[in-house]
Amino acid sequence: MLRRTSSLQESLLRSSSWAAAAFVFGIFILIIGSMLWHGAGLLSWEFLTSEPLQSGRRGGIAPILVSTILILLVCMVTAVPLGLGTALLLSEYSSSKPSFGNFVRWCLDLLAGIPSIVFGLFGNAFFCKVLGLGFSILSGGLTLACMVLPILIRALEEGLRAIPQDYRRAAASLGLPRHATLWSILLPAAVPALMVGLILGLGRAIAETAALIFTSGYVDRMPESLMDSGRSLSVHIYDLSMNVSGGDKSAYASSLVLVALLFIINISASMLADRHLKSRLDLL
Amino acid sequence: MSPSLKSEARWILVLRSSAVCSALLLLLILAFLCKESWPVLREKGLSAFIYPGAWSPREGEYSLLAMLMGTLSVTAGALLIATPLGLLTALCCNYYMPPRLASYLKRMLEILSGIPSVVYGFWGLTEIVPLVNRIHPPGASLLTGSIVLAIMVLPTLALMADASIVSVPTQAVKGAAALGLDTWGVFRSAVWPAARPGLMGAVLLATGRALGETMAVIMICGNIVQVPTSIFDPVRTLTANIALEMAYAMNFHRSALFVSGLLLAFCIAIIVSLASLVRPRHA
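Printed below as a string of structure tokens:
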């Protein structure tokens, strides 16, 4: 009797978990499939290199791509130095004062959970209004930098922690000062892991919409400087599907471009991580 | 000796100030939310926002209750769908699938988890909304929102659940299997107790993500301010409200939107604290 109930549960568990996996697989096919089905026809070199016409119903996405890249640049240039400094402190120097490190980590955990629209509110109040940057690529990039900072720090810290303790001990036994150890041993050893963290942050930034609507704005002309308003690819998709009737085809094509970019980012991160792992195995 | 010590001290100063900046960012954000929401809070008091009433900023009525209910119900719906699916997918990856297939599935989940929410929203708008509309108009509803949100948080949830199942010590699993237990028995007696904190952490993080989601929800929930009475009712969430009205909000109205931002940040703070309580702190 006992045996039978157990085997009933077993087969239930087996079939339902296969069903769940099949569902996930089906969703994947559906999403990617519908994007390819509706969007691939429009995709061409011309689409990538021409200006949008009729609010994006026709034409391409060239200015939008340029704005997206500029926003990402501003974001990374601000977030990476700050993030790297914080990650170094947390991984290498926080053991003497664990309470400070824990406080910083707690702040970052909370920061990572804050909804992106709240970052948008903050960016609008602080960068656009108080600092007087207005709706601009600079405001958008800085807002995104605040948003990706916690993710970046977490990834960088984990990369630094993964370096074997022996490196540090060997350098210390040779009498190297700690900052020299950091510069010439730990950072070079952590470069692949740092790149993975960077790419993850980039992926999060490029996917963001809500934080950008009220900071970098809607303008779909070619930006002339960082103080111009610029529309990111994700905002373009949102605008096309919500505010432009008949924009669905272009929205699908833009989504395809965005997902392709993310796919490249994802693949290069995992390739770097693999190579990183392999070089570590060679060392052992 | 002394120059090297000096540069060491300078170096630590640089690192410490960057860490202080990162931590201060949180305080800066909270301070700005408070500062911007202060005018309307002083005038109306916090109770005007959480007691039942209407949301009509033009008449000076700022009850957020309907939108809070919208947010909570969409989140709950999404979790009801995503949690079992995520856990079962993770189980399937670990115990039933051949390793090769499992690694393909995981790669797929990684790609899905990277797809931007605006793309999920757009996909939901063009594919799921018409589908639900056929069952019960108007299509853009609590149910649709929950479905699309569930699909959105599912990949991360499954990946995190998988990670916590993988981290269960092999000895425990093999020991349980050696006692003659089938997969269900192994799961219940060895895997579940060891993986539970990780699994709960995964669910809590998914909750945070669903609560804070804006773009997907704004595109598929219908955005009508009302307390939903059925799953086919359109709802508006707190996040959607901010994104929809921020463009033209002035004075008290703008201030009220910052209050809802503060409310969201407060909800997230509770969830993050809970998550750090249940999750094993990594060394």
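The listed protein sequences derive, respectively, from chains L and E. Basically my numbering = 1-based index in the first sequence + 2. Basically my numbering = 1-based index in the second sequence + 15. Where is the CB? At the ideal position from N, CA and C, for every residue including glycine.
Residues within the region 26-42 of chain E neighbouring chain L, beta-carbon criterion of under 9 Å | Trp26, Ile27, Val29, Leu30, Arg31, Ser32, Ser33, Ala34, Val35, Cys36, Ser37, Ala38, Leu39, Leu40, Leu41, Leu42
Could you give the DSSP three-state label for L/Leu45: helix, strand or coil?
-> coil
If you run the structure through DSSP and keep just helix, strand and coil, what is L/Leu176?
-> coil
Mind checking the region 262-278 of chain L against chain E and listing, in chain order, the residues whose C-beta falls within less than 7 Å of any C-beta there?
-> Leu264, Phe265, Asn268
Flag E/Ala298 as yes if its beta-carbon sits less than 7 Å from any beta-carbon of chain L, otherwise no.
-> At E/Ala298, the pLDDT of 35 sits below 50, so the modelled position is not reliable and the matter cannot be decided from this model.
Which residue from L/Ala81, L/Ile73, L/Leu38 puts its Cα closest to that of L/Ser231?
-> L/Ile73
Coil, strand or helix - E/Gly237 by DSSP | strand
Starting from L/Pro166 and walking both ways along the alpha helix (DSSP H), at which residues does that stretch end?
-> That residue, L/Pro166, is in no alpha helix (DSSP H); it is neither H nor E in DSSP.
Simplified DSSP assignment, three categories, for L/Pro54 = strand
Within the same chain, show all residues whose beta-carbon is closer than 8 Å to that of L/Leu258, passing over the 5 residues directly before and after it, in chain order.
-> Met37, Leu38, Gly41, Ala42, Leu45
Nearest-angstrom beta carbon gap, E/Gly139 and E/Ile235 [assumed within contact, 8 Å] = 4 Å
Assigned exposure category for E/Lys121 - 16 Cβ within 10 Å defines buried | buried
Under 7 Å Cβ to Cβ from E/Thr252, same chain only, skipping five residues before and after it: list those, please.
-> Met82, Gly85, Thr86, Val89, Val232, Cys236
Taking just the CA atoms, how far does L/Ile208 sit from L/Leu178?
-> CA-CA distance, L/Leu178 to L/Ile208, rounds to 40 Å.
Between the C-alpha atoms of L/His200 and L/Leu10, what's the straight-line distance to the nearest angstrom?
-> Correcting the residue type first, residue 200 of chain L is Leu in the shown sequence and not His. In a straight line, the C-alpha of L/Leu200 is about 48 Å away from that of L/Leu10.
Compute the Euclidean distance between the alpha carbons of L/Gly136 and L/Leu123, then round it to the nearest angstrom.
-> 13 Å
Just the C-alpha distance for E/His151 and E/Leu158, rounded to the nearest angstrom, thanks.
-> 10 Å
Using a C-beta cutoff of 7 Å, does E/Trp53 count as contacting chain L?
-> Answer no: the Cβ-Cβ gap between E/Trp53 and chain L never drops below 7 Å.
Any C-beta of chain E sitting closer than 7 Å to the C-beta of L/Gln11?
-> L/Gln11 counts as touching chain E.
Could you tell me the boundaries of the alpha helix (DSSP H) in which E/Ser275 lies?
-> 266-293
What do you reckon, are the CB atoms on E/Ala165 and E/Ala97 nearer than 7 Å?
-> yes
Does the Cβ-Cβ distance between L/Ile119 and E/Ile257 come in under 7 Å?
-> Taking 7 Å as the Cβ cut-off, L/Ile119 and E/Ile257 qualify as a contacting pair.
Compare the C-beta of L/Asp111 with all C-beta atoms of chain E and state if any pair is closer than 7 Å.
-> yes
So which of L/Leu112, L/Leu154, L/Ser138 has the shortest CA-CA distance to L/Gly219?
-> L/Ser138
Tell me E/Glu76's beta-bridge partners as DSSP assigns them.
-> E/Ser71
For L/Thr211, which residues in chain E fall below 8 Å Cβ to Cβ?
-> Pro131, Ser132, Val133, Thr229, Met230
When E/Gly75, E/Thr185, E/Trp70 are compared against E/Gly210, the one with the closest alpha-carbon = Correcting the residue identity first, residue 210 of chain E is Ala in this sequence and not Gly. Nearest of E/Gly75, E/Thr185, E/Trp70 to E/Ala210, Cα basis: E/Thr185.
Nearest to L/Leu202 (by Cα), restricted to the options L/Ala89, L/Ile153, L/Asp168, L/Ala174 = L/Ile153
In chain L, what lies closer than 9 Å to E/Met215 by C-beta?
-> Correct list: empty, because the minimum Cβ distance to chain L is about 16 Å.
Cross-chain neighbours of L/Gly87 in chain E, by beta carbon under 9 Å = Per Cβ cutoff of 9 Å: Val29, Leu30, Arg31, Ser32, Ser33, Ala34, Cys36, Ser37.
Could you tell me which residues DSSP pairs with L/Arg60 in its beta bridges?
-> DSSP, once it has assigned bridges, lists L/Leu55 as partnering L/Arg60.
Determine the burial state of E/Leu46: buried for a count of at least 16 other Cβ atoms within 10 Å of its Cβ, exposed for fewer.
-> Reading the sequence as shown, one finds Ala at residue 46 of chain E and not Leu. It counts as exposed.
Is it true that the region 103-120 of chain L meets the region 175-193 of chain L, where meeting means three or more beta-carbon pairs spaced less than 8 Å apart?
-> No, the region 103-120 of chain L does not touch the region 175-193 of chain L.
For L/Gly205, go through chain E and note every residue whose CB falls closer than 7 Å to its CB, in chain order.
-> Gly129
With 16 other CB atoms within 10 Å as the buried threshold, where does E/Thr254 fall?
-> Buried: at least 16 other Cβ atoms inside 10 Å.
What residues in its chain sit with their C-beta under 6 Å from that of E/Phe273, if we drop five residues either side in the sequence?
-> Exclusion of the five residues before and after E/Phe273 leaves Leu48, Glu51, Ser52 as the residues of its chain whose Cβ lies within less than 6 Å of its Cβ.
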